[in-house]
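Here is the structure we will look at, set down as structure tokens.
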């Protein structure tokens, strides 16, 4: 019985790996067809479109992994970089045409996905996104808030060490005069309920 289950598990893993390879090949061939438009002709249906789905957060919650898994599907195209359009005023002022220009080229029927984890905690992001497209699909992935906080701190710590910048121990940032410091940004990002309330007012 044990060996039968083990063999079945191995077969399932092999099938899963093969499926991922097939999805990737389909996506590559679709990209090749799109880019193989003869010189001097235009493919009017291949356009940069506004996202139909946005991964809004949370930071250090697994958003990159989610984006890469979605990107395996041949009908999904993802923005390669975090755009920060709805949470940074300097980008938002550039306008919707600039935002659209950051998106990948897609064909009709394909879904454009953008990921910027900073949207979830940005006070103005919900209203700005809703005003742009109230029908957009929002994807939110969370993790244990304490683990997320430590991961957030670790990333900042790594960056500061790499840049030879001074850094504070986590305890000093998290505690102030023996009490939890509510102003610590990494802690604020883990207060999911506070941020989620803003989104639920609109979506």
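In mature numbering (1 follows the signal peptide of the UniProt record, and there is no 0), the protein residues as written are -17 to -1, 1 to 186.
Ideal placement from N, C-alpha and C gives every residue a C-beta, glycine not left out.
These figures come from a predicted structure and were not determined experimentally.
TODO: Could you check which residue in 85, 136, 96, 65 has the C-alpha nearest to that of residue 54?
DONE: Just measuring C-alpha positions, the residue of 85, 136, 96, 65 sitting nearest residue 54 is 96.
Open item on the list: Quick test of the definition: if touching needs 3 or more C-beta pairs under 8 angstroms, does the segment 32 to 44 touch the segment 115 to 127?
Closed with: yes
Open item on the list: Just to confirm, is the Cβ distance from residue 99 to residue 66 under 9 angstroms?
Closed with: yes
Task: residue 169, DSSP secondary structure in three states - done: helix
Open item on the list: Bridge partners for residue 89 per DSSP, in chain order?
Closed with: 30
Open item on the list: Can you give me the C-alpha to C-alpha distance between residue 72 and residue 173, rounded to a whole angstrom?
Closed with: 23 angstroms
TODO: Tell me where the alpha helix (DSSP H) around residue 139 begins and ends.
DONE: Residue 139 -> alpha helix (DSSP H) spans 128 to 145.
Open item on the list: How far does the alpha helix (DSSP H) with residue 112 in it extend, from its first residue to its last?
Closed with: 108 to 115
Task: DSSP three-state assignment for residue 56, whether helix, strand or coil - done: coil
TODO: Thinking residue 87 and residue 61 are a contact (beta carbons under 8 angstroms), I'd like their distance in whole angstroms, please.
DONE: Going by Cβ atoms, the distance from residue 87 to residue 61 rounds to 7 angstroms, so yes, they are a contact pair.
Task: Per DSSP, cross-strand counterpart(s) of residue 158 - done: DSSP links residue 158 through a beta bridge to 163.
Open item on the list: Between the alpha carbons of residue 133 and residue 27, how many angstroms are there, rounded?
Closed with: 47 angstroms
TODO: Within its chain, find whatever has a CB closer than 8 angstroms to the CB of residue 89; leave out the 5 residues flanking it on each side and keep chain order.
DONE: 29, 30, 31, 32, 60, 95
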